[in-house]
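Protein chains: 2
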Amino acid sequence: MCCSETHVRVRALTELALAALASMPLAAAPPLRGTGDLGIVIEREAGSVVLVETTGGTRLGRIEGLGDLSHASAVFSPDARYAFVFGRDGGLSKLDLLEARLVRRVVQAGNSIGGAISADGELIAVSNYEPGGVRVFDAATLEPIAELAADYGGAAERSRVVGLVDAPGRRFVFSLYEAGEIRVADFRDPMAPLVDRHPGIGRLPYDGMLLGNGRYYLAGLYGEDALALLDLWESRPAPRTVLAGYRRGAPPLPVYKMPHLEGCAVAGGYVFLPAVGEHAVLVADARTWREVARIPLGGQPVFAVARPDEREVWVNFALPQNDLVQVIDVARLEVSRELRPGRAILHLEFTPRAAAVWMSARDDDRVVIHDPATLERTGQIPVDSPSGIFFTARAHRIGM
Amino acid sequence: MCCSETHVRVRALTELALAALASMPLAAAPPLRGTGDLGIVIEREAGSVVLVETTGGTRLGRIEGLGDLSHASAVFSPDARYAFVFGRDGGLSKLDLLEARLVRRVVQAGNSIGGAISADGELIAVSNYEPGGVRVFDAATLEPIAELAADYGGAAERSRVVGLVDAPGRRFVFSLYEAGEIRVADFRDPMAPLVDRHPGIGRLPYDGMLLGNGRYYLAGLYGEDALALLDLWESRPAPRTVLAGYRRGAPPLPVYKMPHLEGCAVAGGYVFLPAVGEHAVLVADARTWREVARIPLGGQPVFAVARPDEREVWVNFALPQNDLVQVIDVARLEVSRELRPGRAILHLEFTPRAAAVWMSARDDDRVVIHDPATLERTGQIPVDSPSGIFFTARAHRIGM
């Protein structure tokens, strides 16, 4: 009896232990944590991203196998748990930031540039060069939902699509490069999207962005000395030409490299626009779209980024001044401060309430963290040839 | 031998089971989830909050024991995991939204009204009526760090403090009711805060708020027909009087209840200000601070809330029209739509990219969820006498 009783107890305890083990999380299960302070840094060469958190300024992990990440960009799910990374090779990757893993990757086109997520987090749209158009996916599964071919002119012609952004009301807005057209696609019914076409906006729109919390869609024109503007607040929006002659007869844009308009900043009621081919930033009134200033800079600007309180706009530069960052005082419309935080500063991102600014120093293989008030370095993180930096607070902004 | 061997095995298995149990999370351990879509709804009567998520529009739990939650407000940690709730009774409560529990509650004053969190998430400031001043706490522990007495005039006098907000650069801005003063406290060194005083702003500031992403601090004046404005972009900010005469000789504000200015909205370059004592909202140009319109409404407005894309401003009302919500078209500056979503609509909050609007219907004991585009109801959640609704996206906004 002693032994059989004991065996019963042994069995019961074994079952208890096994049950306990079965209900245990895996050894590597991540700890419970908030996701509001997470971010990713693109490692272009390696085709990977480094996962970071901004509260302590630390590196949490790396997620590999994302393909060609030149000009890669990212958007986030509304719960700030998942990142969607758009690669140059048509790859669309869904990352779980809590588990630091690649959930799924699909190669959805031959050549693509950027994408967007709908406000409800249900749809991912990607703008494609080849085949030219927009493909829309279920954000949960990455299964395809819809395709909008960028057909124009003759039926056989398809345009490259650029400057794709989300707009309120489950819409996506984008530009057709060859067609010279802006389109607004309403995905309230994702099976039957309604597309408004706005042709004749000017030649060769090369990029587009949403300004003013979703009111204005601004497209840069490769083939004209002007920009195209669409006011999405109008019930029947009609594109108009703004800032005509802003290049002041400068030579045509260099052909070897498509510029990007995403480097525009809005601050203090002004739009700050890197002046292509000039060592200057153009300042326009965000209400009238008239030029109000042209601020001389120490090089050819790449990104103009507003500090979240809009008191300053920070600018980085193309070679050979790509170790320089200049700070524009928005109240005085002049450069007030500058710093040289590292070699090849490719991108910068502020934490959402401007407690810190993170900058990619590609040729130093690190991201440096500075206090925007004092310009002092407060931290750094090793990253292999870092480029774009994306924090999850973007999940809550319109037109990313 | 059989039995002793068995006993050894029993002991080993018991230890295994206990070790497994010890390393197990509690049975109720929450699943891994993002925190970007979380929120809380205040249950004023019950002294509790209901925890919600906006992706699916569901209720996740309730956290009780928070004391007197009349006029309660909340701010969030930068990682969007913790909420800090400011009660009317001087209570400051820290909630863990992932574990749905009260982490700590301190009663830090006899009577208080609102508070703020620094951009780095390290400091919590509370504005107190009794004793009049600001107390600052370590956000991690809720241990006291500093106290700013609202002394003025004679050394023995202490003013009530209202309208406390965070500003960039680890500053807090607040108003002194009896003293008629705005103060800006710089907590770069939390042990030795620097306080700038701006006396003479006008009689009896009753509330204050930050506009324009942290540029303007606007204080409502109980004792004058005007508002006080401080431009924090200036190196030596000087308060000025704006919108003098905006009440058009209306009778003095009712004495029985302090109004609140937090109901102001900024959209499309305008400030929308509930006109106290009138059935109207006042519209001022956010650059010149001149009145540009006065929009007639169906009742006495309480909160004017901008849809995140600024295309509309939604307004709720005091009794007897407190079942009404009117929608102002910001482009046309007129009421375009209205709805009656329930009984006693006390508060409304948009999801950060305007996919949904949540409204507290106090006398229906529920929060209703509507599609802002179609006005259709898309969901509802049972809540006991709901009042304020606060989503974690606030963690990333300046001046909350």
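Heads up: the sequence lines are chains A and B, in that order. Counting from 25, one number per residue, gives the positions in the first sequence under the working numbering. Counting from 25, one number per residue, gives the positions in the second sequence under the working numbering. Built from N, CA and C at the ideal position, the CB exists for glycine as well. Computed from a predicted model, the values in this text were never measured in an experiment.
Spatially closest choice to valine 158 of chain B from B:Arg128, B:Val219, B:Gly63, by CA coordinates: B:Val219
Straight-line Cα distance separating tryptophan 313 of chain B from tyrosine 270 of chain B: 11 Å
Alanine 385 of chain A, DSSP secondary structure in three states: strand
Cβ neighbours of glutamate 334 of chain B in the same chain (closer than 7 Å, five flanking residues each side left out): Ala291, Gly292, Val354
Contact check, aspartate 190 of chain A vs alanine 143 of chain A, beta carbons under 8 Å: yes
Residues near tyrosine 280 of chain B in its chain [Cβ-Cβ closer than 8 Å; skip 5 each side]: Residue confidence is low: tyrosine 280 of chain B scores 42 on pLDDT, short of 50, so the model does not pin down where it sits. No coordinate-derived value is stated.
Proximal residues of chain A, C-beta to C-beta of aspartate 144 of chain B below 9 Å: Thr79, Thr375, Arg377, Ala379, Ala380
Length-filtered (3 minimum) beta strand (DSSP E) runs lying within the segment 278–343 of chain B: 289–291, 294–298, 304–309, 315–320, 325–330, 336–341
Nearest residue (CA-CA) to valine 392 of chain A, options A:Arg418, A:Pro365, A:Phe415: A:Pro365
Close-in-space but distant-in-sequence residues of the same chain around tyrosine 201 of chain B (CB under 7 Å, 5 per side omitted): Ser183, Arg184, Val186, Leu228, Pro229, Tyr230
Cβ of histidine 420 of chain B within 8 Å of any chain A Cβ: yes
Pairwise C-alpha distance: threonine 82 of chain A and proline 49 of chain A: The pLDDT assigned to proline 49 of chain A is 46, lower than 50, so where the model puts this residue is not dependable, and the model offers no usable value.
Residues of its chain near alanine 133 of chain A, where Cβ-Cβ distance is below 8 Å and the 5 sequence neighbours each way are ignored: Gly114, Val150, Asn152, Tyr153, Glu154, Pro155, Arg159
Any C-beta of chain A under 8 Å from that of aspartate 61 of chain B: yes
Every unbroken alpha helix (DSSP H) within the segment 166–214 of chain B, with a cutoff of 4 residues, ordered by chain: none
Proximal residues to threonine 402 of chain B (C-beta, below 8 Å), its chain only, five neighbours per side dropped: Gly81, Ala380, Ile393, His394, Asp395
Endpoints, the beta strand (DSSP E) within which alanine 424 of chain B is located: The amino acid occupying residue 424 of chain B in the given sequence is methionine; alanine does not appear at that position. Taken as a continuous stretch (DSSP letters only), methionine 424 of chain B belongs to no beta strand (DSSP E), as it is neither H nor E.
CA nearest to the CA of glutamate 302 of chain A, picked from A:Ala173, A:Asp309, A:Phe341: A:Phe341
Cβ shell of histidine 222 of chain B (< 8 Å), same chain only, five flanking positions each side left out: Glu205, Ile206, Arg207, Val208, Leu254, Pro261, Ala262, Pro263
is_contact[arginine 182 of chain B, chain A] using C-beta, thresh 8 Å: no
CB of arginine 377 of chain B within 8 Å of CB of proline 332 of chain B, strictly: yes
Endpoints, beta strand (DSSP E) assigned at tyrosine 240 of chain B: 240–245
Given glycine 63 of chain A as reference, the closest of A:Arg112, A:Met383, A:Val76, A:Ser101 once Cα atoms are compared: A:Val76
N- and C-terminal bounds of the beta strand (DSSP E) containing glutamine 404 of chain B: 401–406
Buried versus exposed call for alanine 46 of chain B [16 or more other C-beta atoms within 10 Å across all chains shown]: Confidence is the limiting factor: at alanine 46 of chain B the pLDDT is only 47, short of 50, which leaves the residue's position unreliable and the question unanswerable from this model.
Short Cβ contact (8 Å threshold) for arginine 86 of chain A with serine 72 of chain A: yes
CB contact check: glutamate 69 of chain B to chain A, cutoff 8 Å: no
Cα-Cα separation between serine 384 of chain A and phenylalanine 110 of chain A, rounded to whole angstroms: 19 Å
Chain B contact residues for serine 101 of chain A, given Cβ-Cβ distances below 9 Å: Gly58, Gly60, Asp61, Thr79
8 Å CB neighbourhood of arginine 421 of chain B in its chain, flanking five on each side removed: none
Neighbour flag for methionine 25 of chain A against chain B, beta carbons, 8 Å: In this prediction, methionine 25 of chain A has a pLDDT of 36, which is less than 50 and means its spatial position is unreliable; what the coordinates show is noted afterwards. Answer no: the Cβ-Cβ gap between methionine 25 of chain A and chain B never drops below 8 Å.
Sequence-distant residues of its chain with Cβ nearer than 7 Å to glycine 323 of chain B (five each side left out): His303, Phe341, Ala342, Gln345, Leu348
Beta-carbon proximity check, leucine 172 of chain A vs valine 130 of chain A, cutoff 8 Å: no
Where alanine 417 of chain B meets chain A, residues with beta-carbon distance less than 7 Å: His420
Coarse secondary structure for glycine 429 of chain B, derived from DSSP in three states: Past the edges of chain B, shown from 25 to 424, lies residue 429 of chain B, and the structure says nothing about it.
Members of the segment 352–363 of chain B near chain A, C-beta cut-off 7 Å: Ala355
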